[in-house]
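Chains as they are written, first to last, in the numbering used here: chain A, 1 to 363; chain B, 1 to 363; chain C, 1 to 363.
Ideal Cβ placement from N, Cα and C applies to all residues, glycine included.
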Amino acid sequence: MLTTVGTTLGELVKRLGGELIGNPDLVVSGIAPLDQADSASITFLSNPKLRKQAAATLAAAMIVKPGDAQFLQEQAQGAFAVTLIVADNPYAYYARAAQWFEQLRRLPLAAGIHPTASVDPAAQVAATATIGPLVCIEANAVIGEYARIDAGCFIGRGATIGDHAHFHANVSWHHDCHIGQRAIVYSGAVIGGEGFGFANDAGVWLKIPQTGRVVIGNDVEIGGNTTIDRGALSDTIIEDGVKLDNQIQIGHNCHIGAHTAMAGCVGVAGSARIGKHCTFGGAAMVLGHLTIADNVHISSGSMVSRSILEAGQYTGFYPLAKNADWEKSAAIVRNLDSLRDKVRALEKTINALNSAQNESNHD
Amino acid sequence: MLTTVGTTLGELVKRLGGELIGNPDLVVSGIAPLDQADSASITFLSNPKLRKQAAATLAAAMIVKPGDAQFLQEQAQGAFAVTLIVADNPYAYYARAAQWFEQLRRLPLAAGIHPTASVDPAAQVAATATIGPLVCIEANAVIGEYARIDAGCFIGRGATIGDHAHFHANVSWHHDCHIGQRAIVYSGAVIGGEGFGFANDAGVWLKIPQTGRVVIGNDVEIGGNTTIDRGALSDTIIEDGVKLDNQIQIGHNCHIGAHTAMAGCVGVAGSARIGKHCTFGGAAMVLGHLTIADNVHISSGSMVSRSILEAGQYTGFYPLAKNADWEKSAAIVRNLDSLRDKVRALEKTINALNSAQNESNHD
Amino acid sequence: MLTTVGTTLGELVKRLGGELIGNPDLVVSGIAPLDQADSASITFLSNPKLRKQAAATLAAAMIVKPGDAQFLQEQAQGAFAVTLIVADNPYAYYARAAQWFEQLRRLPLAAGIHPTASVDPAAQVAATATIGPLVCIEANAVIGEYARIDAGCFIGRGATIGDHAHFHANVSWHHDCHIGQRAIVYSGAVIGGEGFGFANDAGVWLKIPQTGRVVIGNDVEIGGNTTIDRGALSDTIIEDGVKLDNQIQIGHNCHIGAHTAMAGCVGVAGSARIGKHCTFGGAAMVLGHLTIADNVHISSGSMVSRSILEAGQYTGFYPLAKNADWEKSAAIVRNLDSLRDKVRALEKTINALNSAQNESNHD
């Protein structure tokens with residue numbers, strides 16, 4: 001684990017809530033998993049299967065659910081030596097505590113524009129923003145308060161970047177696209193490229209200019225090398241709190257509802273409309289012009305080829321097998337209709353046999 | 001919709017063809033879908049299912065097929081108020097009109113090399129080309145007339161970029177690779193990286209240097225974060241008019257025929273030879289060393305594991321289902337050979353029964 | 001083929017081993033495939049199916065297995081005119097010879113830092129390293145001897161890059177991440193972005209700061225636009241000799257064993273532990289927290305959803321078919337349990353029929 005400047009448990013609870021059982025003056029300097037934590041660390045127990053591991057932890061303190069706190073103290077017959085922070089959602093508490101440690105550890109940033117950056121005089125960069133080396137910001141772009149744009153980023157004309165946004169190195173952010181406050185955009189992301197729109201004229205593809213934008217809400221995170229295309233006539237929309245992992249592709253005119261999360265390598269074709277609080281496993285794909293309801297969960301590697309109007313978990317990938325076994329099952333899948341036809345023929349024969357036998361029995 | 005400097009319908013028809021039914025002096029300033037167009041817009045009807053919507057449009061003018069023009073006028077008993085442009089392919093006409101509006105709207109570009117760019121003295125940059133901030137152009141690279149290379153691009157030594165090409169920000173274009181006229185390359189694309197070629201020597205991979213190039217024709221579009229590897233000994237070839245969406249991977253020594261289009265996240269392994277006028281849905285994959293004929297269409301999410309020598313539409317992805325239903329079907333797929341064996345056993349039993357009954361009937 | 005400064009066969013064999021049958025003073029200037037080689041080239045025969053093609057080659061020299069050498073000379077009745085280099089693994093010999101030609105051909109690089117690069121005074125750049133135009137190197141980064149960092153790369157604070165590493169243009173290498181000697185990293189790769197770690201708190205995602213690093217061994221190759229996330233609490237680890245193709249995604253806290261190779265578009269979710277000497281075909285996916293043994297080979301397009309503890313080849317993708325045929329098989333797959341239930345019902349009926357007939361036969 002990375003150590004850091006410490007904080008007392010009392011200060012942590014004052015800041016993040018929860019009930020402290022133990023010494024508020026104890027200093028912890030970082031967070032570690034149950035099995036790696038030492039006497040300078042706080043750890044957490046969110047999976048009840050790990051109760052036994054938790055009972056043996058060397059951590060100074062542990063974030064636990066009320067039920068787990070009771071269990072641990074009973075196990076130790078009231079002598080459990082680890083200070084406890086009791087919270088309803090220890091994993092969320094861990095996230096907040098880790099953010100706090102991160103903030104303590106963060107190096108101070110000098111506001112201002114690096115001398116090697118190329119910033120158009122007509123761009124508006126907040127005085128509190130930090131623009132890194134070799135950044136290019138075009139005319140009329142607006143960079144918010146305390147925003148941080150790292151080395152090599154490109155911000156197109158008229159783009160607007162919210163307060164406290166952090167763009168990692170080498171992001172390409174195209175003209176007129178917007179993102180809200182506290183955005184995090186990772187390296188190599190490309191936002192606002194032109195969507196894949198063509199008309200076919202006698203076998204030749206004619207480009208349809210893409211004149212919409214990408215408009216993104218607050219608290220959105222965009223992974224490394226993810227691409228989001230601008231709309232054709234209207235805008236591509238990403239609502240608040242959406243989290244996109246690396247190498248995701250979002251086509252033109254998609255609309256993604258608030259707090260939906262997508263794991264790496266997901267692809268969404270153009271004009272798909274996805275609800276709020278959905279999750280997509282890695283490499284899931286969504287065809288264009290589909291509608292997906294709120295609270296839909298798509299398993300990894302699954303292809304969504306029809307709209308989904310009912311919440312729930314959906315899956316569709318071919319089960320893995322030893323190659324020889326797959327060869328067998330794939331050959332049958334290829335000819336499944338002949339297997340089905342055989343079963344139908346058997347049904348007929350048996351019905352005939354049955355009738356014949358019944359007749360013969362009634363003879 | 002984005003408004004723009006206007007154009008008269010007469011000028012539009014003079015430039016793009018089609019039959020004008022209505023006022024040639026009417027000025028339109030942009031294009032919008034049927035349901036969003038207003039009296040300053042032109043719209044289009046290409047899908048006959050939208051005829052009713054078309055009849056109610058507020059647009060100033062509409063691009064229509066001859067049959068639809070007749071329908072609309074009959075519906076309105078000859079009093080259809082919207083000016084019509086009659087064309088055989090309204091969607092292609094829309095694309096061309098949108099390109100024209102785009103051209104009217106385009107900001108003038110100053111030719112020349114931005115002072116923060118690093119251009120080798122031995123590079124040849126046309127006097128009409130525009131080289132953006134923080135671009136790197138190596139020795140002996142050639143940049144064509146009116147080409148535009150946006151911020152942060154890298155153009156390797158000896159590369160040749162055709163006239164009127166537009167490279168968006170942060171493209172990586174490696175040494176000796178060529179692209180023709182009117183190319184559009186989006187941000188983050190990597191062209192001419194070394195292919196994935198290794199010889200295995202007792203468990204250790206030995207790199208095989210990749211000494212071919214990538215050679216690309218005219219009117220090609222390459223999406224954001226797409227990668228095309230240079231050939232091992234000979235070249236990777238992309239013919240004229242090919243359109244590649246975002247995050248596509250093309251392996252070394254592939255050959256892609258003219259006017260083939262691939263949607264996002266497609267992968268093509270090395271030495272595949274793909275015909276002309278093919279289309280690939282999103283995330284389709286093609287194994288290496290395969291041949292695919294002209295006019296083959298691969299559905300999204302499908303794996304091409306054998307050569308395809310006949311034109312047509314091909315598909316192969318596991319159908320999506322509620323997770324519980326998928327669990328059931330996947331378990332059966334895993335053991336499909338035992339289901340098939342059961343059916344075979346049933347056939348035998350029934351044949352035996354049949355014979356027995358026939359015998360007994362003949363008793 | 002690209003020609004180059006020549007080398008004698010005697011020098012080649014002295015350098016790379018193998019038995020020379022023919023003239024050691026013969027000069028060759030490059031390598032070409034059997035059917036393209038000319039009298040200035042050396043070629044190789046590694047696939048016994050190509051023996052006939054080999055017999056007709058125009059190459060000056062050929063790398064062959066002992067058995068193939070014998071075959072060719074017998075065929076030509078002792079008069080085979082092509083000089084032979086006999087080696088146990090001609091393909092590996094070809095790789096080494098090609099590396100040697102590549103080295104002869106390589107342009108000399110001037111060591112030093114390009115004046116447009118932005119290198120923090122607290123970075124340590126070896127005097128023999130070459131830092132290209134518009135590179136950004138942050139404080140405390142260490143660049144090894146003879147390393148080459150091409151245009152537009154970003155190297156974060158505290159990162160360490162081994163001797164003889166070559167970073168192609170526009171790589172993003174984040175703070176504190178390490179790579180060993182002779183690394184090759186292609187354009188657009190993003191190493192050390194923050195992993196996709198969130199806790200869900202009443203529907204809202206809370207970011208979990210990712211405080212681990214990415215730690216990579218020697219002789220590793222990382223493809224264009226590949227992304228490798230840093231660990232959450234501990235590190236993401238890539239061992240020696242791993243080869244990653246383009247557009248691969250490696251999640252946080254993965255551990256990839258030595259000499260494992262992955263083809264393009266592979267995705268590996270977080271905390272997967274993959275063995276040594278494994279191979280992954282293009283677009284294979286691995287779910288998180290799985291364990292994969294040494295010497296496991298995953299076919300292209302396959303989803304690994306369970307741990308694999310036994311070496312071997314594994315596959316799982318839906319077989320491609322003409323779309324109409326796929327529609328049929330997919331419809332049956334969707335309802336496979338009803339087909340299975342029918343078979344079960346038939347079994348029952350037949351058992352009953354059998355019993356009835358037996359009884360009737362015993363009447």
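Whole-Å CB distance - residue i paired with residue j, under 8 Å assumed
| i | j | result |
| --- | --- | --- |
| R334/C | A321/B | 6 Å |
| L20/A | V13/A | 5 Å |
| A263/B | S300/B | 7 Å |
| L353/B | L353/C | 6 Å |
| N246/A | N170/B | About 17 Å; that fails the 8 Å criterion. |
| L84/A | A54/A | Between A54/A and L84/A the Cβ distance is about 10 Å, and since that is not below 8 Å, they are no contact. |
| D240/A | A258/A | 5 Å |
| G30/A | F101/A | 6 Å |
Among the options, the one whose alpha carbon lies nearest that of residue i
| i | options | result |
| --- | --- | --- |
| R157/B | D150/B, R148/B, G180/B and S118/B | S118/B |
| P209/A | Q99/B, H289/B and V28/B | Q99/B |
| S234/C | A56/C, P66/C, G180/C and V215/C | V215/C |
| I238/C | D245/C, N218/C and N246/C | N218/C |
| L336/C | Y318/B, D245/B, V266/B and G17/B | Y318/B |
| A202/B | L107/C, A92/C and G212/C | A92/C |
| C177/A | Y94/A, I42/A and I155/A | I155/A |
| D294/A | M285/A, A55/A, R273/A and T160/A | R273/A |
| T130/B | Q313/B, L84/B and H166/B | H166/B |
| Q103/C | D163/C, T7/C and G192/C | T7/C |
| H255/A | F80/A, G275/A and G267/A | G275/A |
Beta-bridge pairing of residue i - partner residues as DSSP gives them
| i | result |
| --- | --- |
| T279/A | A261/A and H297/A |
| A61/A | I42/A and T83/A |
| A123/B | Per DSSP, none; premise fails for A123/B. |
| H168/A | Its beta-bridge partners do not exist; DSSP assigns none. |
| V333/C | According to DSSP, V333/C bridges with nothing at all. |
| N200/A | W205/A |
| K243/A | E221/A and A261/A |
| F154/C | C136/C and S172/C |
| L20/A | I85/A |
| I274/B | I256/B and I292/B |
| G312/C | V296/C |
| Q249/C | T227/C and G267/C |
| G10/B | G10/B is not bridged to any residue. |
Interface residues of chain F facing residue i [CB-CB closer than 9 Å]
| i | result |
| --- | --- |
| E221/C | In summary, chain F is missing from the structure at hand, where the protein chains are A, B and C. |
Burial state of residue i (16 or more Cβ within 10 Å)
| i | result |
| --- | --- |
| E327/A | exposed |
| K207/B | buried |
| V134/C | Just to set this straight, residue 134/C is Leu in the shown sequence, not Val. Buried, since its Cβ has 16 or more Cβ neighbours within 10 Å. |
| S329/B | buried |
| N23/B | exposed |
| S271/B | buried |
| E359/B | exposed |
| D150/A | buried |
| V220/B | buried |
| A56/B | exposed |
| T3/A | With a pLDDT of 43 at T3/A, under the threshold of 50, the predicted position of this residue should be treated as unreliable, though the coordinate-derived value follows. The residue is exposed, with fewer than 16 neighbouring Cβ atoms inside 10 Å. |
| K52/A | exposed |
| M1/B | At M1/B, the pLDDT of 40 sits below 50, so the modelled position is not reliable; the number obtained from the coordinates is stated separately. Per the 10 Å Cβ criterion, buried. |
Is there contact here, the segment 243-255 of chain B with the segment 224-231 of chain B, by at least three beta-carbon pairs under 8 Å?
Output reads yes: the segment 224-231 of chain B touches the segment 243-255 of chain B.
Would you say the segment 186-197 of chain B touches the segment 208-226 of chain B, given that touching needs at least three Cβ pairs under 8 Å?
With the cut-off at 8 Å, the segment 186-197 of chain B and the segment 208-226 of chain B touch.
Below 8 Å, how does it come out for the segment 336-354 of chain A and the segment 339-348 of chain C: are there three or more Cβ pairs, yes or no?
Counting Cβ pairs under 8 Å, three or more are found: they touch.
On the three-pair Cβ rule with 8 Å, is the segment 108-117 of chain C touching the segment 41-60 of chain C?
Contact fails: fewer than three Cβ-Cβ distances are below 8 Å.
Between the segment 43-50 of chain C and the segment 63-72 of chain C, are three or more C-beta pairs nearer than 8 Å?
These segments touch.
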